[in-house]
Each structure stands twice: as C-alpha cells, then as structure tokens.
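Asks: These protein sequences, in sequence, are chains A and B. Numbering (our numbering) for the first sequence: 667 to 1207. Numbering (our numbering) for the second sequence: 9 to 130. Quick reminder that beta carbons are idealized off the backbone N, C-alpha and C, glycines included. Bear in mind the structure is a predicted one, so any value in this text is a computation, not a measurement.
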Amino acid sequence: VWWLAGSAVVLLGYLLAPTGTVKTYGFLVIGFSCIAVSSAALRRTRSLTGPWWWLLGGLACLFGGDAIYTVLSVRGGTELPFPSLADAVYLLAYPVMAVGLLRLVRARTGGSDRGNLVDASIVTVSAGVLSWVFLMAPQAADGEMSLPAKLVSLAYPLGDVLLLGVLARLALLPGRAHPVLRLLAVGLFVLVAADTAYGVTVLSGTYSEGGLIDVGFLVWYVLVTAAVLHPQMGELTQPLVLQHQRLSYLRLAALTGASLLPPVLLAVQSWRGAALEVPVVVGATIALFLLVLIRMTGLVHEVDDARRALQATLCELQAAQAERRGLLDRTLRAAEEERKRLAAELHDGPIQRLIGLGYCLDRAAIALQRSDAETAARLVQTLQTELSDETRGLRRVMASLRPPALEQRGLLRAVQDHLTDFAARTGVRVQTELQAGQPVNPNVETALFRVVQEATRNVEKHARASSLHVALIPHQRGLRLQVSDDGCGFDPAARLESVDAGHYGLIGMRERVEMAGGTWTLISSPGGGTTVSAELVEDSR
Amino acid sequence: VRVVLVDDDRLLAEHLRDLLVDLGAQVLSVAQGGDQALAVARLLTPDVVLTDLRMPGMDGIELTRLLRALPEPPEVVVLSAYEDASLQTEALDAGAASYLVKGSTGTQVLAALQAATRRVPC
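1. When the cut-off is 8 angstroms and only beta carbons count, does Gln1018 (chain A) lie next to chain B?
2. Give the residues from the stretch 1021 to 1037 of chain A that approach chain B closer than 8 angstroms (Cβ to any Cβ), ordered along the chain.
3. Output, in chain order, the set of chain A residues within a Cβ distance shorter than 7 angstroms of Asp26 (chain B).
4. Look at the alpha carbon of Gly1193 (chain A) and the alpha carbon of Leu1134 (chain A), and state the distance between them as a whole number of angstroms.
5. Under 8 angstroms Cβ-Cβ, which residues of chain A neighbour Leu19 (chain B)?
6. Quick one, which of B:Thr115, B:Val85, B:Asp17 has its alpha-carbon nearest Ala102 (chain B)'s?
7. Met1064 (chain A): buried (16+ other C-beta within 10 angstroms of its C-beta) or exposed?
8. So what's Val35 (chain B) in DSSP terms, helix, strand or just coil?
9. Cβ of Ile69 (chain B) versus every heavy atom of the ligand FMN: is any distance shorter than 7 angstroms?
10. Please report the distance separating the alpha-carbon of Asp26 (chain B) from that of Leu61 (chain B).
11. Return yes when the Cβ of Leu757 (chain A) is within less than 8 angstroms of the Cβ of Gly865 (chain A), no when it is not.
12. What's the C-alpha gap between Ile697 (chain A) and Leu932 (chain A)?
13. Would you mind sorting Leu959 (chain A) into buried or exposed? The rule is 16 or more other CB atoms within 10 Å of its CB.
14. Under 7 angstroms Cβ-Cβ, which residues of chain A neighbour Gly32 (chain B)?
15. Inspect the beta-carbon positions of Leu1067 (chain A) and Val1081 (chain A) and report whether they are closer than 8 angstroms.
16. Check distances from the C-beta atoms of the stretch 1140 to 1160 of chain A to those of chain B and list, in chain order, the residues that come in under 8 angstroms.
17. Enumerate in chain order the residues of its own chain whose CB-to-CB distance from Pro905 (chain A) is below 8 angstroms, with the five nearest sequence positions on each side excluded.
18. Measure the CB-CB distance between Thr1041 (chain A) and Ala1033 (chain A) and report whether it falls below 8 angstroms.
19. Any beta carbon from chain A within less than 8 angstroms of Ala119 (chain B)'s own beta carbon?
20. Could you check whether the Cβ of Gly111 (chain B) sits closer than 8 angstroms to any Cβ belonging to chain A?
21. Output yes if chain B places a C-beta closer than 8 angstroms to the C-beta of His617 (chain A); else output no.
22. Could you give the residue range of the alpha helix (DSSP H) that holds Gly865 (chain A)?
23. Would His1141 (chain A) and Gln1119 (chain A) qualify as a contact pair, given that the criterion is a beta-carbon distance under 8 angstroms?
24. Check the Cβ-Cβ distances between Gly114 (chain B) and every residue of chain A, and say whether any is below 8 angstroms.
25. Taking DSSP as the reference, what is the three-state secondary structure of Leu1210 (chain A)?
26. Assuming Thr1048 (chain A) is part of the alpha helix (DSSP H), what are its boundary residues?
27. Assign Gln116 (chain B) to buried or exposed, taking buried as 16 or more other Cβ atoms, counted over all protein chains shown, within 10 Å of its Cβ.
28. Going by alpha carbons, who is nearest to Ile734 (chain A) out of A:Pro717, A:Ala754, A:Gly716, A:Trp719?
29. Any C-beta of chain B sitting closer than 8 angstroms to the C-beta of His1128 (chain A)?
30. According to the Cβ coordinates, are Arg769 (chain A) and Gly724 (chain A) closer than 8 angstroms?
31. Would you please state the rounded distance, in angstroms, between the beta carbons of Val1198 (chain A) and Met1175 (chain A)? I believe it to be under 8 angstroms.
32. Among the candidates A:Met802, A:Gln805, A:Thr862, whose CA atom is the shortest distance from the CA of Leu830 (chain A)?
33. List, in order along the chain, the chain A residues whose C-beta lies closer than 8 angstroms to that of Ala89 (chain B)?
34. Taking only the alpha-carbon atoms, compute the straight-line gap between Leu722 (chain A) and Glu875 (chain A) and give it to the nearest angstrom.
35. List, in chain order, every chain A residue whose beta-carbon is nearer than 9 angstroms to that of Arg50 (chain B).
36. Taking only three categories from DSSP, how would you classify Gln984 (chain A)?
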C-alpha cells in the first residue's frame, strides 16, 4: 500500500513536470527504481521465483529499449532511424514478459484447466483480428515503408495481442482472483492500452512525450513491483486446488461476442466501404470455430465424467445401503437368537428348579397333614438348600445379560469372575494371563467381555476342550484378547458362511469388535483347537 | 396307578417321584430321555407314562407317538413348562391323554394320571 501510494505521488509529479530533460530522465529513473526494488525483494523471497525473474527480464528489456532510445537520441541529436537497436530490445520484452506471466499461470493451475486456456485463445484470436484490421493492415499496406520497418511496426501490435492473450489467460483463471494476480492483470491491461494508444498516436503523428501514455507504461512498472512486494506473492506459485467451474453467463456472453466478432467486423467494414480483410477474417473464423468445438468437446467430456462420478457414487451408496440393511437384519436376528437362548436358559434352569421346589413344598405339606414333623423338617431343609442354589443360578443368568462386575470392578475382574465360574461349571482347566493396561472406554470393555463370553460359550457347547488359555494384555494403545482352546476345532470358512443356519455367535463376535473399531481374527481347524483374537484400541468408538 | 416318569432334569424328576410316591402312586422308573423311556415302557408295561415335552434328542411329542404305537400302549400324560395351546393340541393329537402345565400340584398330577387309566381306548 505504501509502495502504491508513494508511486502514485511520483507518477503525478512526473505527469505535471515540464516536458524536457527532467521528464526524459525521470522516466528512466522511475523504471530503474522499480526494477531495482523488485530484484532486491525477489532475492530475499524463498518461494518459487523463476516466473518472476522472467517478468523482471521483460521489464528490463522495456527499460533497456528506453535507455538505448534516450542515449541514441541524445547522442544523435536528431530523430532515430526506424527500426533501431532500441526497437529490437523493446520487441524482446513482449515474449519475455509473456513467458514469465504464463509460467506463473502454469505454476498456479498445473496446466490442467484446458477450458480456460481455450477461452483465453478465443479472446486472443478476436483481439488479433481487431488489431489486424485497424492497426496492422494499414501499415502492411503502406507502400512507402521499407520491409524491415514494416515488419517491426507489425511486430508491436502483434506483441500487444500476445500480451492481451496473456491478460485473458490471467483474467479467466478458475476461482476467485488472487490479489497479486489482480495487480498484474490491471497492470497488463494498462500496459496494452498504453502501448496500443502509443501505436495509434505515433501512426497519426499526435504522440507527445511525458503524457498519460508514458504514465501508463510507468504504471506497469509500478504494479509489477507492487506484485513482487505483496505479502501474498509466494502463494501465487502454489498450485490451486481446481474445482468444477461453472460456465458463467458473463463468460458465455463474452465468448459469444468474441466468436462473432470477425463476421460482424466484416459486415461493418463492408458497410463503411473499407477494405475487407477476407483471408484474415475467414482464417480467424475457422480458428474460432475450431476453438469453440474444442471447448464444447471439453464440456461434453466434463458432463460425461460428472455422470460417471455420479453413477459411481450412486453404486457406492447402494452398496452401503445394502450393507446397512444386512447389518440391521443380522443385528435383529442376533437379538432374536439371544432371546431364544435366554428363554431356553430360563426354561432349563430356574423354571425347572422352582417347579421341583414346588413339588418338595407339596410333600412337606402332605407330611404336616400326616403329622410327620420329621419328614417335613427334612424337606424344609432340602428346600432351603435348593432355594439358595437356585438364587445363584438366577444370578448367573443375570450376569450373562450384563455382568455387574464389569461396571463395578472393571474388565479384568469381570473376565476373571466369568472364567472362574466357567471352570467350576464345565471342569475345563483355565489358564489366564490378565494384565491391566491404560483404562479403556466402556464400549471397548463391553465388546471384549462379550467376546470372552461368546468364545467360552462355544467352548462349552461345541469344543469338547480340556483346557482353555485366555490372555488379555495391553497392546499398543489398547488391549489384545486371545482365547485358545485345545478342543475339536472346525472349518472357520464353513462356519462363518452358515449365518443363515442360525450360527450368529462367530459373526456376532466379529461385528461387535469391528463396530467398536477393532479387529477380530479366528484360527481353527478340525482337530486343531480354536483361537479367537480381538484387538481394540483406546480411542475406538 | 403304575407310572414311569420321563424328565431330563434329574432333580425335578426326583422331587416329582417322591411326591407321587407320597400320594400313593407306584413309580416304576424315572427315565432321563425318550429312548430310555421307550425301553423301560416295553419292559415294565406301566399304566401311564408321565413325560416332559422339551428334552434333548427325542422330544415328548415324538415319544408319545412311539409309546402309543407299542403293542401294549401305556397312556401318556404330558407335563410341560410351556402353556402354548398349539403344543397342547399337538400332544393330544399324538395320543396323549392329557396335558398338564408344570407347577400343577401333586394332587392334580395324580388325578390326571388316574383319569388317564380310566380312559376308554378309541
């Protein structure tokens, strides 16, 4: 901001200064200052500077041309011949600056925005036609000019068309314009306008040194330097994340206008009675048609790609939905299975016991009716013992639903209690290796406890094992559980596929562990025992 | 009345046997499952077989059907923890004389056994 404000004052001073030596040298001093400040700033920056050096190289060529022109004019004292060495250096500035700016664009887009490139080309071709008809054709037709003079005078507007193309490329970049790009685009616009005005005024002999046109050239120097000094200058060479770009109505209108320009120009020239540049206009029309065709093909491909992506997303969504339905179905069936198991457990255990106790009570009543106090007392004694056994049985059913130890005394104690009960009930020899690690969240604890419960239930029902080894040890940032038996084993693939036959135990274990964010593995073979492992980490869901 | 008891729950069967004996029934044997009950019934030709419904291996319905198909078929009374009407129908269709829900008193069970022996063969 300070640079722009200071430069504005200096440029105003330049504009108001009297024509003559002060203005001539003032122009050179301002140009040189800008290049010096920019070079110093570029040397200090750590971001990619290649494109910027090209741009400064272009500025240096402009300055060099001015310097040579001034030195030669002062030494010669008369008007310089045309073309001179100064023209060669001036003309070099156009391609060098264009390379710098296009490399900036490439660093930003990674060269992957073909649509914008085509749009910029359409604008450039149209501008080229305009430039040819109004600036170049009159000079080409000038019979008094020598061939070198003619070529050089054509090269200037051609250079402007080139820069205009670069400007279109900058202006049509995807996304919101970067502030540094905006500075460069405004500067470039002013430069092209000043250069075109210079060409027109020189042609018509109305150019006067030190006026607004020269200020326009200096504005370019100032804005390039402002861009180099801008705090966000480094961002410009970082690749942009390209998103899908909508073809705005404004752009569509501009592109339509640009594409229709050659035939409209032909009509206007014909109406004015001016020379018709038929080959150029036809050539440009063909070029524009091809560019529009390329753009259209690109759009069609974009639509195709979008449709394919949409189709893929739809497929993924459908698969996810099917998976969700499957999971829900299995969850419901597992819940139903669990209820069935609980009902059977209640039927085979507590209900039979209570009925038996009822018969015992019946017998005690009969004994009392028969005044057989001794038998009645013995029966009441039996009743007390069996009632107390039954209370334990009911407690076991309750514990299988939700072990109180899990909440009150933690996972290790709950597992220990469960295994002690399991060993006493089944006679299977149980070895344990239980180590406390970091506290884990309740979901993880429940999941691991259920795995122990289900694995021991399988051992009890199917394995015919004589010993069981259970390890629960800290593993990385969580816990690792391993339950191994020396039982008859089975073919895991066949068993895991038999979910439809009602074998939810293994599937249920796996899903419970996976839903808690862990991994579950099963190793078993007929005759080779079974090992179930689960690993869960602390931050599992 | 000469009875054979069939129940896979040993403790319950023992309590029931003692109760029926106290009430004056003659309990010939207590079988733990269907196969054992069939063998005992062939051997001892009881008046009535009192059987549980849900047992490992052969269930009470199947046992009833096989018992009723014996040359000298005993009467069958089913004693189950289930109250489902469909199970009752199934048991009666298989040839059971009656269906009792576990929890009936000893007197009710004895009455059912006696009633079964009085049943007119169809």
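Replies: Checking against the coordinates, here is how it stands:
1. So yes, Gln1018 (chain A) belongs to the interface.
2. Answer set for the stretch 1021 to 1037 of chain A: Ile1021, Gly1022, Leu1023, Gly1024, Tyr1025, Cys1026, Asp1028, Arg1029, Ile1032, Ala1033.
3. Arg1029
4. One Cα belongs to Gly1193 (chain A), the other to Leu1134 (chain A), and the distance between them is close to 15 angstroms.
5. Gln1018, Arg1019, Gly1022, Glu1052
6. B:Val85
7. With fewer than 16 other Cβ atoms within 10 Å, it is exposed.
8. In the structure shown, Val35 (chain B) sits in a strand (DSSP, three-state: E or B).
9. Looking for the ligand FMN in the displayed structure turns up nothing, as the structure carries no ligands at all.
10. 20 angstroms
11. no
12. It is Gly, not Ile, that sits at residue 697 (chain A) in the sequence shown. Roughly 41 angstroms between the two C-alpha positions.
13. exposed
14. Counting only Cβ-Cβ distances below 7 angstroms, Gly32 (chain B) has no contacts in chain A at all, with the closest Cβ about 10 angstroms away.
15. With respect to the 8 angstroms criterion, Leu1067 (chain A) and Val1081 (chain A) are not classified as neighbours on the basis of their beta carbons.
16. none
17. Ala773, Arg774, Thr775, Gly776
18. yes
19. By the rule that beta-carbons nearer than 8 angstroms mark a contact, Ala119 (chain B) does not touch chain A.
20. yes
21. Residue 617 (chain A) is absent from the model: chain A starts at 667 and stops at 1207.
22. 845 to 870
23. Their beta carbons are not under 8 angstroms apart, which means His1141 (chain A) does not touch Gln1119 (chain A) by this criterion.
24. yes
25. Limits of chain A in this structure are 667 at one end and 1207 at the other, which puts residue 1210 (chain A) out of reach.
26. 1039 to 1067
27. exposed
28. A:Ala754
29. no
30. no
31. 7 angstroms
32. A:Thr862
33. Annotation: Cβ neighbours of Ala89 (chain B) in chain A (cutoff 8 angstroms, chain order): His1013, Ile1017, Gln1018, Ile1021.
34. 24 angstroms
35. Chain A residues near Arg50 (chain B): none, gap ~27 angstroms exceeds 9 angstroms.
36. The three-state secondary structure of Gln984 (chain A), taken from DSSP, is helix.
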